[in-house]
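In what follows, a structure is listed as structure tokens, so that the remarks can point back to it.
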Amino acid sequence: MRKERIKGKQKHDDQNQSSLPKPINFIVSRVLPVLVFLGAGFFFTPYASMQFQNNDVKALSNQAHTVMFYKSDCSHCQKSYPVVFWHNVLHFQQPDKQIQTINVQNPNNKHYIADYQVQETPTFMTIKNSSDRMVATDKKQILNFAERDK
């Protein structure tokens, strides 16, 4: 016995397959994954940088105004590092506004602890005057310290 489809029934079946209108379906399938990827990158990029960058710093920068000494496993440093990371991204073409970051937890950089008497992390220090320093996690304090007159 052969079954035949009723024309009205076929239209109803096609509508059930794609219940979202085409523009919304496009947004959900194409745009939303890109936004999720970018959002995840925005939050995780600073932490990846904190772990894998600044592991063998030969010398303090002669162009940067400020340096941040940090340890990658320090909870206070993990709070402060994204502020510094995005500050540096926003000022990437202005080396004199950059904050140099040095991971003193790395064996290659441990000498900076003794060289600059770093007692706590994160320690912010002006490069030209090593006695001008601050220990802070507050975003406004960090940015004010980094952006004040040289």
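Residue numbers (the UniProt record's numbering): 1 to 150. We put the CB at the ideal spot given by N, CA and C, even for glycine.
Best match in the options for proximity to residue i [C-alpha to C-alpha]
{"i": "N109", "options": "V57, Q51 and S19", "result": "V57"}
{"i": "K71", "options": "E147, P107 and L90", "result": "P107"}
{"i": "D132", "options": "K140, F145 and Q141", "result": "F145"}
{"i": "E147", "options": "S19, H91 and L20", "result": "H91"}
{"i": "K128", "options": "K140, D96, D138 and C77", "result": "D96"}
{"i": "residue 151", "options": "F69, L20 and V89", "result": "Residue 151 lies beyond the residue range present for the chain, which begins at 1 and ends at 150; the question has no answer from this structure."}
{"i": "S49", "options": "L20, L32 and C77", "result": "C77"}
{"i": "P51", "options": "F85, L32, V89 and S19", "result": "Pro is not the amino acid found at residue 51; the sequence shown has Gln there. The candidate whose alpha carbon is nearest that of Q51 is F85."}
CB-CB length for residue i against residue j, believed under 8 Å
{"i": "D73", "j": "Q93", "result": "About 32 Å separates the two Cβ atoms, so there is no contact after all."}
{"i": "H65", "j": "T126", "result": "6 Å"}
{"i": "Y112", "j": "I102", "result": "6 Å"}
Environment of residue i [buried if 16+ CB atoms lie within 10 Å]
{"i": "P23", "result": "exposed"}
{"i": "Q15", "result": "Low confidence applies here, because Q15 scores a pLDDT of 48, under 50, leaving its location unreliable; read the following figure in that light. With fewer than 16 other Cβ atoms within 10 Å, it is exposed."}
{"i": "H87", "result": "buried"}
{"i": "V34", "result": "exposed"}
{"i": "V67", "result": "buried"}
{"i": "K140", "result": "exposed"}
For this session: Taking 8 Å as the threshold, find out whether the segment 73 to 91 comes into contact with the segment 106 to 119 through three or more Cβ pairs.
Result: In the pairwise beta carbon analysis, the segment 73 to 91 is classified as not touching the segment 106 to 119: fewer than three pairs are separated by under 8 Å.
Exercise. Is it true that the segment 20 to 31 meets the segment 59 to 68, where meeting means three or more beta-carbon pairs spaced less than 8 Å apart?
Worked result: Verdict: no, contact absent.
Problem set entry | Length-filtered (3 minimum) beta strand (DSSP E) runs lying within the segment 68 to 139 | Considered as a whole, the segment 68 to 139 harbours 99 to 103, 123 to 126 and 133 to 135 as its complete beta strand (DSSP E) runs of no fewer than 3 residues, in chain order.
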